[in-house]
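This report refers to the structure that appears directly beneath it.
There are 2 protein chains.
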Amino acid sequence: MTEFDFIQSILAPLARGASGAAGLRDDVAELPQRADARLIVSTDQMSAGIHYLRSAPLHKVAQKLLRRNISDIVAKGGQPFAYQLAIAWPRGSDLAPLRDFAEGLADDQQLYDIHLTGGDCAAILGPAHFSVTMFGWVGARGPVRRAGVKPGDVIVVTGPIGDAGLGLQLAQGARIAPAPIAEALIARHETPAPPVTLGPLIARFATGAIDISDGLIADLRQLAIASTTSITMDLAQVPLSAQARGVLGDEAGSLDALRWLASAGDDYQIALGIAPADLNDFTAAAAQLGYAITPIGGASAARSSEHLQLLFCGAPIASTGGGYQHFSGQG
Amino acid sequence: MTEFDFIQSILAPLARGASGAAGLRDDVAELPQRADARLIVSTDQMSAGIHYLRSAPLHKVAQKLLRRNISDIVAKGGQPFAYQLAIAWPRGSDLAPLRDFAEGLADDQQLYDIHLTGGDCAAILGPAHFSVTMFGWVGARGPVRRAGVKPGDVIVVTGPIGDAGLGLQLAQGARIAPAPIAEALIARHETPAPPVTLGPLIARFATGAIDISDGLIADLRQLAIASTTSITMDLAQVPLSAQARGVLGDEAGSLDALRWLASAGDDYQIALGIAPADLNDFTAAAAQLGYAITPIGGASAARSSEHLQLLFCGAPIASTGGGYQHFSGQG
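Line by line, the protein sequences are chains A and B. Just so you know, we're using my numbering here: the first sequence kicks off at 19 and counts up by one. Just so you know, we're using my numbering here: the second sequence kicks off at 19 and counts up by one.
Rendered as structure tokens:
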């Protein structure tokens, strides 16, 4: 199969809904512009052996890649609508697995109402590598920035933390659990579910926001740094899923477990600052969409020494590094 | 150096001119929208050992990566203005060479008046890999599509063909030449110079267009297929640079050499369809900008068997495959 055949048979169907994509038969795509919305863009990449297990089915890799980007868009109060895709595939390898990859793209395109607009394909000397640049619309106020958190804000998260970390351990055999629980948690690792319908509420209520990809602790620290506040979080308030509690048993409430769960990353939930006066309205509106909003702490005026203060049941604890370091590849 | 430090010290200065980039301190960038122009986007990637020699200085790799994308934008009649960048770097490798990469980005940002808006950094298990998604503006008619070429159009190219192919051979030691000639041709391979100021003239005059990256023969065939025309090109009319003639000597005018030069790729010139009535105006306007436009053939109604007919001094010759196959990685 040549590149041209691959693009036309496998990828072009994914671009049918995007008129500016020109059927992937051209060098550029045209993106729509809107007078009533602002245009935002995020880029994320996934590489075999680093961002996914080589044994992972490629349709799930495709979905995770899209959802990582969708998470960025939603965290800023936006709605994704289109993406560019760069595929780099080991030279000489069979292209057939990329059909499975394209099926994952197709499934998520339907689920999230997004379309492929264009991209690039290349053979490379390393393992498979994929990069997506995702486009989204936000309202007239523009993207909800990390920097917007204000002293006095309540810090909330949009869903359970640590499921993906447990799912990775289960997928790697480092932990065991009954099949239904294991499958649910592995699914959270393989195909995270960012709270995509929350975008408009985030745009309306959030002062500042970040999606939780590197670990709750690391990302809260980034949120605090960007907003020049100090954030205090009580690990005992971090919401866990029923499946996580099922796997962890008595361990679930321990400081060590909570700190680990809050460092594991790949959650693709969102941490938000909310003005106290808005908390009830936001929580109620989110509940109507099926999301359980959990307050986990608050922001205050920046202290010189520390952007993030961790508590456990109200008592201060030492804050260790934690969080995924992209360039070192170590947890 | 952590990812955060790397981004803030090395990459953030490249985003200073893009207000929507938020200093690379957020998950998304905001892109501008314009009522008087349409927005186009292209994606291209480069991987060590495939798209550049591992010995190549990274600032030149950065420039080539940007220019490959700029070439796509210009070929469609557009003007580039911003880009997203994904850097994938071998895990555990020293990050210091990326300073050199960033210097190449900075040089070309100044040269082309473009800005970094955002992106992603990751450590990977393979060789260095870079992906750029470039944004450009085109006028109200929209991008000049490949599909726009009409029967009767003259087919022209915007500059010499084959320099980059010769430059690669010289860089690899497969060919030798006096130093000034070798340096000039290696520079064409390492840092192509797309005809960036031609964008508005292309938008005004071209019926259809493609940038020449995979080789003139291969790209003309794509142009013919997309426009459902047949294109006839006379290899004897393909323009060569003085340096190419210097390296090739008597060989320069031979069919074999011309066919090879027209298959070598990486030219980043543009092949255009021009209505015969516009040819003089386009050529004169381009000459004022310093570009020598060369007619190399013409388009006619599609023939069933063949989209591209090659001539040599007016006599038909067999058209062989040729052109870079991205997924097989073979010429």
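For each residue, glycine too, the CB sits at the ideal point set by N, CA and C. Please read these numbers as outputs of a predicted model, since none were measured by experiment.
Candidates the options: closest to residue i by CA position
i                : options                                : result
Leu329 (chain B) : B:Ile288, B:Ile249, B:Pro294, B:Gly166 : B:Ile249
Gly267 (chain B) : B:Gln51, B:Pro196, B:Leu103            : B:Pro196
Leu184 (chain A) : A:Ser281, A:Pro218, A:Ala146           : A:Ser281
Pro198 (chain B) : B:Gly38, B:Ile288, B:Val265, B:Glu48   : B:Val265
Asp171 (chain B) : B:Gly154, B:Ala202, B:Ala295, B:Asp90  : B:Ala295
Ala36 (chain B)  : B:Ala55, B:Phe99, B:Ser231             : B:Phe99
Arg72 (chain A)  : A:Pro145, A:Gly38, A:Asp125, A:Leu84   : A:Pro145
Ala224 (chain B) : B:Asp181, B:Ala304, B:Pro50            : B:Ala304
Asp229 (chain A) : A:Leu203, A:Arg86, A:Asp23             : A:Arg86
Leu276 (chain B) : B:Ile288, B:Ala289, B:Pro257, B:Gln287 : B:Pro257
Asp23 (chain B)  : B:Arg43, B:Glu269, B:Trp107            : B:Arg43
Asp112 (chain A) : A:Thr20, A:Asp45, A:Ile88              : A:Thr20
Asp126 (chain A) : A:Ala221, A:Thr135, A:Lys82            : A:Lys82
Arg222 (chain B) : B:Leu290, B:Arg263, B:Gly136, B:Leu188 : B:Leu290
Gln350 (chain B) : B:Leu57, B:Leu241, B:Tyr70, B:Gln255   : In this structure chain B extends from 19 to 349, so residue 350 (chain B) is not present and cannot be described.
Met152 (chain A) : A:Leu49, A:Arg193, A:His325, A:Ala205  : A:Leu49
Ala205 (chain B) : B:Tyr286, B:Cys331, B:Pro31, B:Ser27   : B:Tyr286
Ala182 (chain B) : B:Ser323, B:Ala141, B:Ala200           : B:Ala200
Ser259 (chain B) : B:Thr301, B:Leu253, B:Ala270           : B:Ala270
His207 (chain A) : A:Gly217, A:Gln187, A:Gly226           : A:Gln187
Leu123 (chain A) : A:Thr312, A:Ala40, A:Ile88             : A:Ile88
Ala202 (chain A) : A:Gln255, A:Leu238, A:Gly226, A:Ala262 : A:Ala262
Leu238 (chain B) : B:Asn298, B:Glu324, B:Leu297           : B:Glu324
Trp155 (chain B) : A:Leu219, A:Ala158, A:Ala47, A:Leu84   : A:Ala47
Enclosing alpha helix (DSSP H) for residue i [first to last residue]
i                : result
Arg263 (chain A) : 260–266
Asp299 (chain A) : 297–306
Ala202 (chain A) : 197–208
Ile88 (chain B)  : 76–93
Pro334 (chain B) : That residue, Pro334 (chain B), is in no alpha helix (DSSP H); its beta strand (DSSP E) goes 333–335.
Gly217 (chain B) : 217–223
Arg117 (chain A) : 115–130
Glu269 (chain B) : Counting along the chain, Glu269 (chain B) falls outside any alpha helix (DSSP H), and DSSP gives it neither H nor E.
Asp112 (chain A) : Neither: Asp112 (chain A) is in no alpha helix (DSSP H) and is coded neither H nor E.
Asp181 (chain B) : 181–189
Asp23 (chain B)  : 21–24
Residues bridged to residue i [DSSP beta-bridge criterion]
i                : result
Ile154 (chain A) : The sequence shown places Gly at residue 154 (chain A), rather than the Ile named in the question. A:Ile58, A:Pro98.
Glu48 (chain B)  : A:Ile58
Ser323 (chain B) : None, per the DSSP bridge assignment.
Tyr70 (chain B)  : B:Ala66
Thr247 (chain B) : B:Ala319
Asp138 (chain A) : A:Ala104
Thr312 (chain A) : A:Val175
Ser149 (chain A) : A:Gln63, A:Ala104
Asp284 (chain A) : Beta-bridge pairing links Asp284 (chain A) to no other residue.
Ala39 (chain A)  : None, per the DSSP bridge assignment.
Leu329 (chain A) : A:Asp252, A:Pro334
Gly226 (chain B) : B:Gly291
Run of the beta strand (DSSP E) containing residue i, from where it starts to where it stops
i                : result
Val172 (chain A) : 172–175
Gly291 (chain B) : 288–292
Touching by the beta-carbon criterion (3+ pairs, under 8 Å), the segment 166–184 of chain A and the segment 211–231 of chain A: yes
Is the segment 237–255 of chain A close to the segment 308–317 of chain A, with three or more CB pairs under 8 Å? yes
Examine the Cβ distances between the segment 75–90 of chain B and the segment 114–122 of chain B and report whether three or more of them are shorter than 8 Å. yes
Taking Cβ-Cβ distances below 9 Å as the criterion, which residues of the segment 70–97 of chain A are in contact with chain B? Ser89, Asp90, Ile91, Ala93, Lys94, Gly96
Indicate whether the contact test is met: 3 or more Cβ pairs, each with one atom in the segment 159–167 of chain A and one in the segment 125–143 of chain A, closer than 8 Å. no
Are the segment 62–70 of chain B and the segment 147–154 of chain B touching, with three or more C-beta to C-beta distances below 8 Å? yes
Taking a cut of 9 Å between CB atoms, which residues from the segment 284–307 of chain A lie near chain B? none
Can you give me, in chain order, the residues of the segment 153–170 of chain B that have a beta carbon less than 9 Å from any beta carbon in chain A? Phe153, Gly154, Val156, Gly160, Pro161, Arg163, Arg164, Ala165
Does the segment 55–63 of chain B come close enough to the segment 103–111 of chain A that 3 or more CB-CB pairs lie under 8 Å? yes
Quick one: which residues of the segment 25–48 of chain B get their C-beta closer than 7 Å to a C-beta of chain A? List them in chain order. Ala40, Arg43, Asp44, Asp45, Val46, Ala47, Glu48
So if I threshold CB-CB distances at 9 Å, which residues from the segment 233–251 of chain B count as touching chain A? Gln240, Ile243, Ala244
Within 8 Å of chain A by C-beta, residues of the segment 207–227 of chain B in sequence order: none
Any C-beta of chain B within less than 7 Å: which residues of the segment 139–151 of chain A qualify? Cys139, Ala140, Ala141, Ile142, Leu143, Gly144, Pro145, His147, Ser149, Thr151
Which residues, taken in chain order from the segment 108–132 of chain B, show a beta carbon closer than 7 Å to some beta carbon of chain A? Arg109, Leu113
Chain A contacts made by the segment 51–62 of chain B, where a contact means CB separation under 8 Å: Gln51, Arg52, Ala53, Arg56, Leu57, Ile58, Val59, Ser60, Thr61, Asp62
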